[in-house]
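Worksheet: one structure, shown below.
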Amino acid sequence: MSLIGTPAPALAAGPVPAASLVAAPGEPPRDSVLMFVASWCAPCLAELARFEALEAAARPRRLLIVALDEGARSTEMTRRFDGRQKLAISPREAWELLRRASAGRAAGLPYAVMTDETGRPCALRDRGLSEAELRTMAAACKG
Numbered sequence: 001m002s003l004i005g006t007p008a009p010a011l012a013a014g015p016v017p018a019a020s021l022v023a024a025p026g027e028p029p030r031d032s033v034l035m036f037v038a039s040w041c042a043p044c045l046a047e048l049a050r051f052e053a054l055e056a057a058a059r060p061r062r063l064l065i066v067a068l069d070e071g072a073r074s075t076e077m078t079r080r081f082d083g084r085q086k087l088a089i090s091p092r093e094a095w096e097l098l099r100r101a102s103a104g105r106a107a108g109l110p111y112a113v114m115t116d117e118t119g120r121p122c123a124l125r126d127r128g129l130s131e132a133e134l135r136t137m138a139a140a141c142k143g
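Numbering (the working numbering), first residue to last: 1 to 143.
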């Protein structure tokens with residue numbers, strides 16, 4: 001069985017309900033960059049502070065926050081982001097998505113996965129993102 005099954009539907013312009021992006025539990029959305037973050041991860045918080053610049057650099061892919069924890073600290077961490085910037089799945093589903101999208105290689109946070117037009121992971125990043133790194137990931141996804 002392949003790492004990723006049936007391609008997810010196209011991204012909508014509005015909010016990002018998980019059902020519209022994820023074909024099945026553990027399936028990443030297509031043409032996206034998934035930023036896996038947790039409230040206890042200091043580098044993740046620094047990465048989120050630069051979200052707007054990273055979001056611009058990721059275009060035309062959508063940059064999506066995937067929270068690996070819940071509760072007051074996680075809610076506070078993502079409060080300023082709207083529904084179009086977050087993947088609405090539970091922490092259990094987020095951990096499963098991370099496991100599948102990284103093929104079990106994610107060793108720490110922050111972690112990012114870029115997907116192609118079919119929803120297959122095409123570039124992985126196991127350290128914080130930068131605008132230059134997003135361009136490098138996009139180039140890797142073309143080849």
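Ideal Cβ positions, reconstructed from N, Cα and C, are used throughout, including at glycine.
Please read these numbers as outputs of a predicted model, since none were measured by experiment.
Looking at ALA49, PHE81, LEU45, VAL66, the one whose alpha-carbon comes closest to that of SER32 is VAL66. Annotated three-state conformation of CYS41 is coil, per DSSP. Distance check between VAL37 and each of ALA56, PRO29, LEU64, ALA53 places LEU64 closest, using alpha-carbon atoms only. By the criterion of a C-beta distance shorter than 8 Å, ARG135 is surrounded in its chain by ALA57, once the five residues flanking it on both sides are discounted.
With a threshold of 16 other beta carbon atoms within 10 Å, ARG61 meets it and is buried. DSSP places THR115 inside the beta strand (DSSP E), whose first and last residues are 111 to 115. In the structure shown, the three-state DSSP call for ALA49 is helix. A straight-line Cα-Cα distance of about 25 Å links GLU133 and ALA88.
When the beta-carbon positions are compared, PRO110 and PRO29 stay at least 8 Å from each other. Under the three-state reduction of DSSP, LEU54 is assigned to helix.
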